[in-house]
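S.K.: After the structure tokens below, expect a handful of questions from me.
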DNA sequence: TCCTAACTTTACACGGTGTCAATTGACACG
DNA sequence: CGTGTCAATTGACACCGTGTAAAGTTAGGA
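Chains as they are written, first to last, in our numbering: chain A, 41 to 237; chain B, 41 to 237.
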């Protein structure tokens, strides 16, 4: 969609990203973005159908910039399930801060904009697959704890690693990113790995 | 604030609660509430200064109705830290569904309405004290795991029990309320109790 | 020179919140 | 009986943010 003029389109996306990343999340207005680019608000609509559309495009732009979510695909260096779990959490912990602002904005649109909701859900579903893969790797190794079914364990891991939880722990509780990564790893091991070492 | 006419004021609060509880959260409009009560939208402003005010009053109304958050005060029947942790989680699991709708609405107002944000934060701070009390009870018993400081453990428990997590597990993952309560208890034990039995 | 595409300016519709002024209806008090 | 008061109504309006529309400008290319 929205043909041509890569330059302006990209300027818009990067302005949008920059504003979103500065943490304001949902309170970033179309006019803010336009002002930042140096064009009129109306001109935004020459490139994107509506605000949700722009927000979604911004997420794709992030992927493009940072290599995207293929970073979450399990590395083949992970031999054991435990290594795979650790690697996944570590990758996710690196990825989260990059999508935080956009995530918040998309999440806030959830109730009113089905397209935005779908876009975010898609991302979260992809992420869930990573969780599931790690849990299944544990199960394959027979190191998955007996308390939960693989599906339940996936539910838990997926929830544990949610954007909201990251936000709460880093913003409200003041955890550093390293704290987050380390503790999530240790929590996940404790929750899911049978032989607690 | 907002003197007099208990009757109408209460009608408003109960209509507000009812709409909020039906899960729409933030998309409940002033006009919806007014329509439900059978008065004009403007009349709402005779009783409440603004939407945030009404939402906050609704949370107090819930407390009044259901006995409120004193249910979260640790029962004195809990001898051990572990019992206390279990009891707290169980009480919280019963309380959560009652404040879900309002919580969502208040959470959505967070960015724009500082008063609403403060009201919700206050509640969450109260709840955090319950988390802390349970963790400190474990520490007193020397059954708190060594991996985390009491404060970190409180951060984790507090985050684990967040409204958003409850929402995700019940709404998105389809857990029953009993599933939620049981699994949260078992997760908390696994995360925080030193002697894993 | 003319066409096209990007962008501008100005204006407006819509939905939601919040304010205001004038009015109605009920009830109480002297 | 008249008067005051209080809740609620009606109708209008301001503000904000999103989105649409129409007409005009500017620059580049065939």
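We put the beta carbon where it would ideally sit given N, CA and C, even for glycine.
Determine contact between the region 45-59 of chain B and the region 88-106 of chain B, defined as no fewer than three beta-carbon pairs at a distance below 8 Å.
M.R.: yes
S.K.: Can you tell me whether residue 221/B is buried or exposed? The criterion is at least 16 other CB atoms within 10 Å of its CB, across all chains shown.
M.R.: Under this definition residue 221/B is a buried residue.
S.K.: Once the 5 residues before and after residue 217/A are set aside, which same chain residues still bring their CB inside 6 Å of it?
M.R.: none
S.K.: Distance, Cα to Cα, residue 138/A vs residue 205/B?
M.R.: 21 Å
S.K.: Tell me the rounded alpha-carbon separation between residue 69/B and residue 77/B.
M.R.: 13 Å
S.K.: Quick check on residue 230/A - is its C-beta less than 7 Å from some C-beta in chain B?
M.R.: yes
S.K.: To the nearest whole angstrom, what separates the beta carbons of residue 159/A and residue 150/A, a pair I think is in contact under 8 Å?
M.R.: Not a contact, Cβ separation roughly 10 Å.
S.K.: Any beta carbon from chain B within less than 7 Å of residue 199/A's own beta carbon?
M.R.: yes
S.K.: Could you spell out where the alpha helix (DSSP H) holding residue 71/B opens and where it closes?
M.R.: 70-77
S.K.: Of all the residues that make up the region 207-227 of chain A, which are near chain B by a beta-carbon distance shorter than 9 Å?
M.R.: 208, 209, 212, 213, 214, 215, 219, 223, 226, 227
S.K.: Run through DSSP, which three-state label would residue 236/B get?
M.R.: Confidence at residue 236/B is low in this model, with a pLDDT of 49, below 50, so its placement is unreliable and the value that follows should be read with caution. Correct three-state label for residue 236/B: coil.
S.K.: Can you pull the chain A residues whose beta carbon is under 7 Å from the beta carbon of residue 159/B, in chain order?
M.R.: Within 7 Å Cβ-Cβ: nothing; residue 159/B doesn't reach chain A, min ~16 Å.
S.K.: Check the Cβ of residue 141/B against every Cβ in chain A and list those closer than 9 Å, keeping chain order.
M.R.: Neighbours of residue 141/B on chain A: none; closest Cβ ~12 Å, over 9 Å.
S.K.: Checking the sheet assignment: what are the DSSP bridge partners for residue 184/B?
M.R.: 233/B
S.K.: Establish whether the CB of residue 90/B and some CB of chain A are separated by less than 7 Å.
M.R.: no
S.K.: How about residue 115/A and residue 133/A: do their beta carbons lie closer than 7 Å?
M.R.: no
S.K.: Could you check the C-alpha separation between residue 224/B and residue 201/B for me, to the nearest Å?
M.R.: 8 Å
S.K.: Can you tell which of 171/B, 141/B, 145/B has the C-alpha that lies nearest to the C-alpha of residue 62/B?
M.R.: Nearest option by C-alpha distance: 141/B.
S.K.: From residue 67/A to residue 65/B, what does the alpha carbon distance come to, in whole angstroms?
M.R.: 19 Å
S.K.: Indicate whether residue 143/B and residue 178/B have their beta-carbon atoms separated by less than 7 Å.
M.R.: With a cutoff of 7 Å on beta-carbon distance, residue 143/B and residue 178/B are scored as not near each other.
S.K.: Compute the Euclidean distance between the alpha carbons of residue 214/B and residue 168/A, then round it to the nearest angstrom.
M.R.: 15 Å
S.K.: With a 10 Å radius around its C-beta and 16 neighbouring C-beta atoms as the bar for buried, classify residue 105/B as buried or exposed.
M.R.: exposed
S.K.: At what residue ranges does the region 142-202 of chain A contain a whole run of the alpha helix (DSSP H), taking only runs of 4 or more?
M.R.: 154-180, 190-200
S.K.: Are residue 72/A and residue 59/A closer than 7 Å when you measure CB to CB?
M.R.: Result yes, Cβ atoms of residue 72/A and residue 59/A sit closer than 7 Å.
S.K.: With a threshold of 7 Å between beta carbons, is residue 195/B in contact with chain A?
M.R.: yes
S.K.: Does DSSP classify residue 97/B as helix, strand or coil?
M.R.: helix
S.K.: Tell me which residue opens and which closes the alpha helix (DSSP H) that residue 81/A is part of.
M.R.: 81-87
S.K.: For residue 204/A, which residues in chain B fall below 8 Å Cβ to Cβ?
M.R.: Near residue 204/A (Cβ distances below 8 Å), the residues of chain B are 202, 204, 205.
S.K.: In the structure shown, what three-state DSSP assignment does residue 113/A receive?
M.R.: Coil.
S.K.: Between the alpha carbons of residue 91/A and residue 79/A, how many angstroms are there, rounded?
M.R.: 16 Å
S.K.: In chain order, what residues of the same chain lie with their CB nearer than 6 Å to the CB of residue 96/A, ignoring the 5 residues before and after it?
M.R.: The residues are 159.
S.K.: The region 45-71 of chain A: which residues have C-beta closer than 7 Å to a C-beta of chain B, in chain order?
M.R.: 65, 66, 67
S.K.: Going along the chain, which residues of the region 168-193 of chain A sit with their C-beta nearer than 9 Å to a C-beta in chain B?
M.R.: Residues of the region 168-193 of chain A with a C-beta atom less than 9 Å from some C-beta of chain B are 185, 187, 188, 191, 192, listed in chain order.
S.K.: Any idea what DSSP makes of residue 55/B, helix, strand or coil?
M.R.: Note: residue 55/B maps to helix in three-state DSSP.
S.K.: Buried or exposed: where does residue 152/B fall if 16 or more other Cβ atoms within 10 Å of its Cβ makes it buried?
M.R.: The residue is exposed, with fewer than 16 neighbouring Cβ atoms inside 10 Å.
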